[in-house]
Amino acid sequence: MKTVLALVAALATGSAFSADDPNAAVASGVVRMSASMNEMALACKHMSSQKVDEAKAKQKSATLSDLKVSEADYEKLYSAAASDFKKKWSSMSAQQQQQSCDQMKKMPTKP
């Protein structure tokens, strides 16, 4: 669990928004975490690309309306976070990747 949380936390800390705007910082973190979790679900084969696309569409819709993020900013943040995840994931050993996938499976899917 620690590996998964550390990976997601590291990926969620970057921001394309000003640190002076706390709402924008929250939105940035939410988008980055969503992208990281979606990419991990794909990498671990826990979800199909179709299911991830469906999840992303729901996440995007909620983020645009609830957090007042523009579609362009959302796509920019999501793309950057997905790219960051892929770089970090590819730098991990197969054993670390498998451990992360195993930990991800143990995480509750609903609060």
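Residues -18 to -1, 1 to 93, numbered by mature numbering (1 follows the signal peptide of the UniProt record, and there is no 0), are exactly what the sequence shown covers, in order. Glycine included, each C-beta is placed from N, C-alpha and C at the ideal position.
Can you give me the Cβ contacts of residue i inside the same chain, cut-off strictly under 6 Å, excluding the 5 residues immediately before and after it?
i: LEU49; result: ALA9
i: MET89; result: none
Go ahead and pull the three-state DSSP assignment for residue i.
i: VAL51; result: coil
i: CYS26; result: coil
i: SER73; result: helix
i: THR91; result: coil
i: PHE67; result: helix
Might you give, ordered along the chain, the residues of its own chain that have their beta carbon closer than 7 Å to the beta carbon of residue i, omitting 5 neighbours on each side?
i: ASN20; result: VAL34, ALA37, LYS38
i: ALA23; result: MET29, VAL34
i: CYS26; result: CYS83, MET86
i: LEU46; result: GLU53, TYR56
i: LYS68; result: GLU21
Using C-beta distances below 8 Å, list every residue in its chain close to residue i, excluding the 5 sequence neighbours before and after it, in chain order.
i: SER65; result: none
i: MET5; result: According to the sequence as given, residue 5 is Asn; it is not Met. Excluding residues within five positions, the ones whose Cβ falls inside 8 Å are LEU49, LYS50.
i: SER31; result: LEU24
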